[in-house]
Amino acid sequence: MSGGWPAETVGVVLLVAVLAFAITRPRRLPEAVAAVPAAAIALALGLVSPHLAAGRARELLPTLGFLAAVLVLAHLVDREGVFEWLGERLARSSRGRPRRLLVLTFAASAGTTAVLSLDATVVLFTPVVFATASTLRLRARPHVYACTHLANSASTLLPVSNLTNLLAFGVTGLSFLSFTGLMAMPWLAAIAVELAVFLRFFATDLVGTDGDAEPSPSCHGTPAFALAVLAAVLAGFALTSPAGLPPVWTAAAGALVLAVRGLVRGTVTWRAVLAETAPLFLLFVLALAIVVQAVVGNGLGDVLTAVVPRAPGLGSLLATAAVAAVLANLVNNLPATLVLLSVLGPHPHPGVVLAMLLGVNIGPNATYVGSLATLLWRRVLARRGATPGLREFLTLGAWTVPATLVAAVVMLWLALLVTGRMGA
């Protein structure tokens, strides 16, 4: 199929169909069920050349390998009892005070997201927070909302905190520590703004205390081994990055240590470990990249090229983050990242890439469809009979996203100034 509006239209239809399927997941079928045929159609119609598709696949392989490793790592950490232990610590430290529990939940969610990625916060930590609030006879709404908001807005700190970060990390030209250093102030600013809004928005849910709601005596000791492995993995990310070693090897090493321990103790099986690599989801990401390329290469790329700024000034960074946030809520943050990386080209200013990441990571808090993590969070709560209301979700997003995004971008701009990277 030749270029022009027919190719552009077909590409957009394919992308919309894939995203609609991923959001609704009829009969709980894997996302790849729609994405793989869509990618095949794009290739068959000539919307994407086989050579370009193969190049995109090679570029994504290290990122997909890391995603598989960190999914296994998060699962094994859960099997070691880290999240149950964390829930018990939250219950005891909060002393039945809802505002205190919210602050502690913010801290724990932000830390979990940064180290184990946003999916661990949504899938593994949200049920723990829900159970903790129920045990303390507190209203769970503020605390479970904190999990999904922090899964998105706190996923900006490390290159490994979000799949979007991993996709863009190599393009920034930054080391692991440099990336983290530039994103530290935006990360803290985003958490602070979110907390301030939550304390006001959920004020009626955060009144009073129940001193009689003591948590049950702990039946889990401190999971010292798993925590030590996590600390070693985090240190390994920082130490191996200057040597050019991809983070996938560090994450895989940590997962292997915990897997061997679990196999020896009989708490996991190889089949379960391999299943946690989510091969069908990895295939979905790969196929989605091909579909996105079909859209970018047939019209959308030209439009965004004219819109997305290239300079690292404050106004340009704010505009880049805003465009990224809007695009994430239109087509989901993963394809939005792939689209914007294609538009920015091979050597963009690192500040512009980081502003884009702030947009695609924080922006999804505005709508359900902004990120797959938010959709997963909604399903976790639905299984517990606590489906969040659409109006409440959208209202909270309208209060948090603009303020959080502006604060984070301003902090990024200051970090670029302080480190002398404005002209880098």
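Using this note's numbering, the letters of the sequence shown correspond one by one to residues 38 to 461. Ideal Cβ placement from N, Cα and C applies to all residues, glycine included.
Cβ neighbour criterion (16 or more within 10 Å) applied to residue i
i, result
"residue 240", "exposed"
"residue 468", "Because residue 468 is not part of the residues shown, which for the chain are 38 to 461, the question remains open."
"residue 427", "exposed"
"residue 344", "exposed"
"residue 130", "exposed"
"residue 435", "exposed"
"residue 65", "exposed"
"residue 45", "buried"
"residue 141", "buried"
"residue 308", "exposed"
"residue 333", "buried"
"residue 355", "buried"
"residue 116", "buried"
"residue 299", "buried"
"residue 262", "exposed"
"residue 454", "exposed"
"residue 301", "exposed"
"residue 457", "exposed"
"residue 174", "exposed"
"residue 270", "buried"
"residue 201", "buried"
"residue 383", "exposed"
Host alpha helix (DSSP H) of residue i (start-end)
i, result
"residue 459", "Taken as a continuous stretch (DSSP letters only), residue 459 belongs to no alpha helix (DSSP H), as it is neither H nor E."
"residue 339", "338-344"
"residue 242", "Residue 242 -> no alpha helix (DSSP H), and no H or E assigned at all."
"residue 357", "351-368"
"residue 202", "200-209"
"residue 474", "This structure gives no information on residue 474, because the portion of the chain shown stretches from 38 to 461."
"residue 121", "119-131"
"residue 135", "135-153"
"residue 195", "Counting along the chain, residue 195 falls outside any alpha helix (DSSP H), and DSSP gives it neither H nor E."
"residue 189", "178-190"
"residue 67", "Premise fails: residue 67 is in no alpha helix (DSSP H) and is neither H nor E."
"residue 212", "From DSSP, residue 212 is part of no alpha helix (DSSP H); its letter is neither H nor E."
"residue 170", "163-172"
Practice problem: Let me know the alpha helix (DSSP H) ranges lying completely inside the segment 265-323, each 4 residues or longer, listed in chain order. | Solution: Taking only runs of at least 4 residues, the alpha helix (DSSP H) segments lying wholly in the segment 265-323 are 284-302, 307-312.
Practice problem: Evaluate contact between the segment 300-317 and the segment 102-122, counting only Cβ atoms and requiring at least three cross-stretch pairs below 8 Å. | Solution: Under the three-pair Cβ rule at 8 Å, the segment 300-317 counts as touching the segment 102-122.
Quiz item: Which runs of the alpha helix (DSSP H) fall wholly inside the segment 382-453 and span at least 4 residues, in chain order?
Solution: As far as the segment 382-453 is concerned, its whole alpha helix (DSSP H) runs of at least 4 residues are 387-399, 409-419.
Exercise. For the segment 439-451 and the segment 199-211, state whether three or more C-beta atom pairs, one from each stretch, are separated by less than 8 Å.
Key: No: the two stretches stay apart, fewer than three of their Cβ pairs being nearer than 8 Å.
Exercise. Decide yes or no for the touch test of the segment 394-410 against the segment 432-445: beta carbon pairs closer than 8 Å, at least 3 of them.
Key: With a cut-off of 8 Å, the segment 432-445 and the segment 394-410 count as touching, because enough Cβ pairs lie within range.
Quiz item: Does the segment 72-90 come within contact of the segment 322-335, defined as at least 3 CB pairs closer than 8 Å?
Solution: Touching, per the Cβ criterion.
Quiz prompt | Three CB pairs or more closer than 8 Å across the segment 223-233 and the segment 177-195 | solution = Touching, per the Cβ criterion.
Practice problem: Could you say if the segment 108-126 and the segment 290-309 meet the contact criterion of at least three C-beta pairs nearer than 8 Å? | Solution: Yes: the two stretches touch, three or more of their Cβ pairs being nearer than 8 Å.
Exercise. Report yes or no: do the segment 189-199 and the segment 399-415 share at least 3 C-beta pairs separated by less than 8 Å?
Key: Yes, the segment 189-199 is in contact with the segment 399-415.
Quiz item: Quick one: any contact between the segment 264-273 and the segment 156-166, if contact means 3 or more CB pairs under 8 Å?
Solution: The segment 264-273 is not in contact with the segment 156-166.
Practice problem: Pair every Cβ in the segment 109-123 with every Cβ in the segment 150-162, then say whether three or more of these pairs are closer than 8 Å. | Solution: Contact holds: three or more Cβ-Cβ distances are below 8 Å.
Quiz item: When the Cβ atoms of the segment 72-81 are set against those of the segment 272-282, are three or more pairs found closer than 8 Å?
Solution: Touching, no, given that fewer than three Cβ pairs across the two stretches are closer than 8 Å.
Exercise. May I ask you to verify whether the segment 404-411 touches the segment 364-373, counting CB pairs closer than 8 Å and requiring at least 3?
Key: Because the criterion of three Cβ pairs below 8 Å is met, the segment 404-411 and the segment 364-373 touch.
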